[in-house]
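Engineer: Dumping the structure here so I can ask a few things about it.
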Amino acid sequence: MENELNKKVLEQLIKVFSDDIKSAEESYGMLSVTVSKNKIYAIIKFLKENTETNFNFLTDLTGIHYPDSKEDLGVIYHLHNFYKNHRIRLKIFFSTQDSYVDSIVDLYSGANWMERETFDFFGIHFKGHPNLTRILNMEDMLIHPLRKEFPLEDQSRKDKNDAMFGR
Amino acid sequence: MEITDKKVSLAKMPDGHEGAGFFATKLDDAVGLARKNSIWPLPFATSCCGIEFMATMGAHYDLARYGSERLSFSPRQADLLMVMGTISKKMAPIVRQVYEQMAEPKWVLSMGACASSGGIFDTYSVLQGIDRIIPVDVYIPGCPPRPEQVIDGVLKIHELVQNESSRRRYSEDYKSLMESYGFESGK
C-alpha cells in the first residue's frame with residue numbers, strides 16, 4: 057500500500073473483520089477490498105460509523121456477472137469519505153443460487169434506487185429493501201438483462217436471420 | 027411594377043363543374059382539400075430525429091408553408107402524430123395513449139430508422155418499430171433523415187389525406203385494422 061490512508065483503513069478492517077477480508081489491492085491509488093458476503097452490512101456500517109474511517113457517502117452500488125467463475129455474481133460498493141476526500145471500493149461475490157444480499161438502505165438512503173437497479177439488471181435480491189421492484193425496465197420483463205445467459209438482442213424479431221447478418 | 031415571379035401556387039382545384047356563380051364537386055374532394063392543407067402535427071420527438079424536425083419547422087425549410095404552422099402539443103387537436111426517435115419499451119404505452127387520445131381522422135408518420143424498426147438499437151429495452159403498437163401511414167427512412175425527407179413524408183401524408191374517403195373511419199378495413207391493434211373502433 058503506497059497510500060497512508062489506504063493502509064490505515066485496511067489495518068482497521070483487518071483488526072475487526074480479519075476472517076472476512078478475502079483480498080485487498082490498491083489500483084490507481086484506490087483501495088479495493090473483497091469481503092465475504094455475509095458480513096457486508098456490518099463492514100459498511102463499521103466503515104460509515106467509525107470516526108477514523110468515516111465513509112459518509114455511498115458513491116455507487118452496482119452488480120457484475122462473471123459467468124465462468126464459480127461465484128459468478130457480484131456487488132460492488134464505492135464509498136467516499138468527504139472529510140478526507142478518501143474513497144474505497146468493496147466487492148462481494150457469490151453464486152447465482154445464493155443471490156440474497158443484505159440491503160444497506162438504512163445506512164445510505166441513496167442505496168434505494170441503486171439496489172433496485174441492481175435487482176432489475178442482475179436479479180440480485182436485497183434483503184430488507186423497502187421496495188425491491190424493477191426501476192428502469194418494463195415491469196413485465198421476465199429476464200435480468202445484464203446476466204450473460206440472457207441475449208442482448210430483442211427476441212421478438214423474426215426478420216433477422218444468420219444468413220443476412222453473418223452470425 | 028409588374029410582378030415577374032409567378033411561382034406562387036394556390037391549392038389545386040378539384041375536378042368539378044363550374045358555371046356562373048357556382049362550382050360543384052364531390053364532398054370528399056372538398057373536405058380532403060381542406061384537411062390536407064391544414065394538418066396539425068403532434069411532434070413526439072425523443073432524440074436526434076427531433077432536432078431535424080426542429081430544422082424542418084424553422085424558417086429555412088419552413089414546414090408552415092404546407093399548412094402545418096401550428097404544432098399541436100395536445101393530442102386532442104392533432105391530426106398527425108409524428109413519432110421521431112427511439113421509442114423504448116417503457117415509452118410504448120405512452121405513444122399508444124397519445125395516439126388513442128387523438129380524434130379521428132388521424133394519421134401517423136414514423137420518422138427515422140429507430141421509430142420505424144428500432145434502428146441500431148436491436149436490444150431488449152427498445153421497441154422494434156412503432157408499428158408494433160400503432161398503425162403507421164408513412165415511414166421516413168434515414169438516421170436521421172434530412173428535413174427535405176421530412177417534407178417529402180409530410181407531402182405523402184397530404185396525398186393520403188386528399189385521396190382517402192372523408193369517412194375512412196367507418197370503413198370495414200379501417201375498423202379491422204384498429205381492432206388488430208387492440209383499439210376500440212368507432213361506430
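Each protein sequence line maps, in turn, to chains X and V. In this note's numbering, each residue's number is its place in the first sequence (first place is 1) plus 56. In this note's numbering, each residue's number is its place in the second sequence (first place is 1) plus 26. Don't be surprised by glycine CBs; every beta carbon is placed ideally from N, CA and C. Predicted model only: the values in this text are computed from it and were never measured.
1) Work out the CA separation of X/E171 and X/Y156 for me, nearest whole Å.
2) Looking only at its own chain, which residues have a Cβ that is under 7 Å from the Cβ of V/A71, when we skip the five neighbours before and after it?
3) Can you tell me the Cα-Cα spacing of X/L229 and X/G179, whole angstroms?
4) Taking V/T73 as the query, report the chain X residues whose CB atoms sit under 9 Å from its CB, ordered along the chain.
5) Are the CB atoms of X/E58 and X/E82 nearer to each other than 8 Å?
6) Could you check what DSSP says for V/M83 in three-state terms: helix, strand or coil?
7) Report yes or no: do three or more beta-carbon pairs, one from the region 102-109 of chain V and one from the region 62-69 of chain V, lie closer than 8 Å?
8) In terms of alpha-carbon separation, which member of X/H136, X/E173 and X/I77 lies closest to X/M86?
9) Rounded to whole angstroms, how far is the Cβ of V/P131 from the Cβ of V/R195, which I believe are closer than 8 Å?
10) Judging by CA-CA distance, which residue of X/N217, X/E205 and X/K214 is the nearest neighbour of X/P123?
11) Which ranges would you report for the beta strand (DSSP E) in the region 105-168 of chain X if only whole runs of at least 3 residues count?
12) Using DSSP's beta-bridge definition, name the partner residues of V/Y165.
13) Give a yes or no on whether the minimum CB-CB distance between X/N187 and chain V is below 8 Å.
14) Looking at C-alpha atoms only, which residue of V/D148, V/S100, V/P119 and V/I177 is the closest neighbour of V/M137?
15) Kindly indicate the opening and closing residues of the beta strand (DSSP E) around V/M110.
16) Terminal residues of the continuous beta strand (DSSP E) containing X/I77?
17) Under DSSP, the alpha helix (DSSP H) around V/A118 begins and ends at which residues?
18) Using a threshold of 7 Å, is the CB atom of V/L153 nearer than that to any non-hydrogen atom of the ligand GTP?
19) Closest Cβ-Cβ distance between X/S212 and chain V: below 8 Å?
20) Given V/M83, which residues of its chain have a CB within under 6 Å of its CB, disregarding the five upstream and five downstream residues?
21) Can you have a look at V/H184 and say buried or exposed, based on whether 16 or more other CB atoms are within 10 angstroms of its CB?
22) Assign X/T90 to one of three DSSP states: helix, strand, or coil.
23) Under the rule that 16 or more other beta-carbon atoms within 10 Å means buried, what is V/S143, buried or exposed?
24) For X/K101 and X/L163, which I take to be in contact (beta-carbon distance under 8 Å), what is that distance rounded to the nearest angstrom?
25) Spatial neighbours of X/D116 within its chain, please: C-beta separation below 6 Å, excluding the five flanking residues on both sides.
26) Tell whether a beta-carbon distance below 8 Å holds between V/V23 and V/I166.
27) Straight-line CA distance for V/C169 to X/L188?
28) What does DSSP give as the partner residues of V/E44 in its beta bridges?
29) Let me see if you follow: with CB-CB separation under 8 Å, is V/Q123 close to chain X or not?
30) What in chain X is Cβ-close to V/Q127, meaning under 7 Å?
31) Check the Cβ-Cβ distances between X/L208 and every residue of chain V, and say whether any is below 8 Å.
32) Would you kindly report the start and end of the unbroken alpha helix (DSSP H) that includes X/F73?
33) Alpha carbon to alpha carbon, what distance is there between V/E126 and V/S205?
34) Using the Cα positions of V/L203 and V/E210, report the straight-line distance between them to the nearest angstrom.
35) Compare the C-alpha of X/D154 against each of X/N168, X/K140, X/N141 and X/H181 and name the closest.
36) Let me see if you follow: with CB-CB separation under 8 Å, is V/K116 close to chain X or not?
Structural biologist: Reading from the atomic positions:
1) As a working mapping, residue 156 of chain X is identified with position 100 in the first sequence. As a working mapping, residue 171 of chain X is identified with position 115 in the first sequence. Rounded to the nearest angstrom, the two C-alpha atoms are 12 Å apart.
2) By 1-based counting over the second sequence, the position of residue 71 of chain V is 45. Here the set comprises F79, M110 and G111.
3) This structure cannot speak to residue 229 of chain X, because chain X is shown only from 57 to 223.
4) As a first step, residue 73 of chain V is located in the second sequence; it is residue number 47 there, counting from the start. Correcting the residue type first, residue 73 of chain V is Ser in the shown sequence and not Thr. Within 9 Å of the CB of V/S73, no CB atom of chain X is found; the nearest one sits about 17 Å away.
5) The residue you call residue 58 of chain X lines up with position 2 of the first sequence. The residue you call residue 82 of chain X lines up with position 26 of the first sequence. A contact, by the Cβ cut-off of 8 Å.
6) If you number the second sequence from 1, residue 83 of chain V lands on position 57. Residue state, collapsed to three classes: helix.
7) yes
8) The residue given as residue 86 of chain X occupies position 30 in the first sequence. Ranking X/H136, X/E173 and X/I77 by Cα distance to X/M86 puts X/H136 first.
9) To locate residue 131 of chain V, count along the second sequence from 1; it is residue 105. To locate residue 195 of chain V, count along the second sequence from 1; it is residue 169. So it is a contact: roughly 6 Å between Cβ atoms.
10) Start at 1 with the first residue of the first sequence, and residue 123 of chain X comes out as number 67. Of the candidates X/N217, X/E205 and X/K214, the one whose C-alpha sits nearest the C-alpha of X/P123 is X/E205.
11) 113-121, 129-137, 142-150 and 156-158
12) Position 139 of the second sequence holds residue 165 of chain V. V/Y165 is bridged to V/S136.
13) Here residue 187 of chain X corresponds to residue number 131 of the first sequence, with the count starting at 1. Against chain V, the CB of X/N187 has no partner CB under 8 Å away; the residue lies outside that interface.
14) For this step, residue 137 of chain V is matched to residue 111 along the second sequence. Considering only alpha carbons, the answer is V/I177.
15) The count along the second sequence starts at 1 and reaches residue 110 of chain V at position 84. Taken as a continuous stretch (DSSP letters only), the beta strand (DSSP E) holding V/M110 covers L106 to M110.
16) Stepping through the first sequence from its first residue, residue 77 of chain X is reached at position 21. DSSP places X/I77 in the uninterrupted beta strand (DSSP E) bounded by I77 to S83.
17) Here residue 118 of chain V corresponds to residue number 92 of the second sequence, with the count starting at 1. Counting along the chain, the unbroken alpha helix (DSSP H) around V/A118 starts and ends at A118 to Q127.
18) Among the components of this structure there are no ligands whatsoever, and the ligand GTP is therefore not found.
19) Your numbering for residue 212 of chain X matches position 156 in the first sequence. For X/S212, the answer is yes, since a Cβ of chain V falls inside 8 Å of its Cβ.
20) Taking the first residue of the second sequence as position 1, residue 83 of chain V is located at position 57. Result list for V/M83: L89, in chain order.
21) Translated into positions along the second sequence, residue 184 of chain V becomes position 158. When all chains shown are included, V/H184 counts as buried.
22) Numbered from its first residue, the first sequence carries residue 90 of chain X at position 34. DSSP places X/T90 in strand when its eight states are reduced to three.
23) As a position in the second sequence, residue 143 of chain V is number 117, starting the count at 1. It counts as buried.
24) Walking along the first sequence from the start, residue 101 of chain X turns up at place 45. Walking along the first sequence from the start, residue 163 of chain X turns up at place 107. The Cβ separation is near 6 Å, so the contact holds.
25) Position 60 of the first sequence, counted from the start, is the residue given in the question as residue 116 of chain X. The residues are H134.
26) Since the first residue shown for chain V is 27 and the last is 213, residue 23 of chain V is missing from the structure and cannot be characterised.
27) Locating residue 169 of chain V in the second sequence gives position 143, counting from the first residue. Locating residue 188 of chain X in the first sequence gives position 132, counting from the first residue. Approximately 38 Å, taken between the alpha carbons.
28) Taking the second sequence and counting its residues from 1, the one referred to as residue 44 of chain V is at position 18. Beta-bridge pairing links V/E44 to V/F49.
29) Here the question's residue 123 of chain V lines up with position 97 in the second sequence. Chain X contact via Cβ: absent.
30) Working through the second sequence from its first residue, we reach residue 127 of chain V at position 101. Ordered by position in chain X, no residue passes the 7 Å Cβ test against V/Q127, which lies about 22 Å from the chain.
31) As a working note, residue 208 of chain X is residue 152 in the first sequence. So, interface residue.
32) Here residue 73 of chain X is taken as the residue at index 17 of the first sequence, counted from 1. Per DSSP, X/F73 belongs to the alpha helix (DSSP H) from E60 to F73.
33) Counting from 1 along the second sequence, the entry for residue 205 of chain V is found at position 179. Counting from 1 along the second sequence, the entry for residue 126 of chain V is found at position 100. At residue 205 of chain V the sequence reads Glu, which differs from the Ser that was named. Near 13 Å, if we compare the C-alpha coordinates of V/E126 and V/E205.
34) To locate residue 203 of chain V, count along the second sequence from 1; it is residue 177. To locate residue 210 of chain V, count along the second sequence from 1; it is residue 184. Going from the Cα of V/L203 to the Cα of V/E210 covers about 10 Å.
35) Position 98 of the first sequence, counted from the first residue, corresponds to residue 154 of chain X. Among X/N168, X/K140, X/N141 and X/H181, the Cα nearest to that of X/D154 belongs to X/H181.
36) Translated into the one-based positions of the second sequence, residue 116 of chain V becomes position 90. With 8 Å as the cut-off, V/K116 counts as an interface residue toward chain X.
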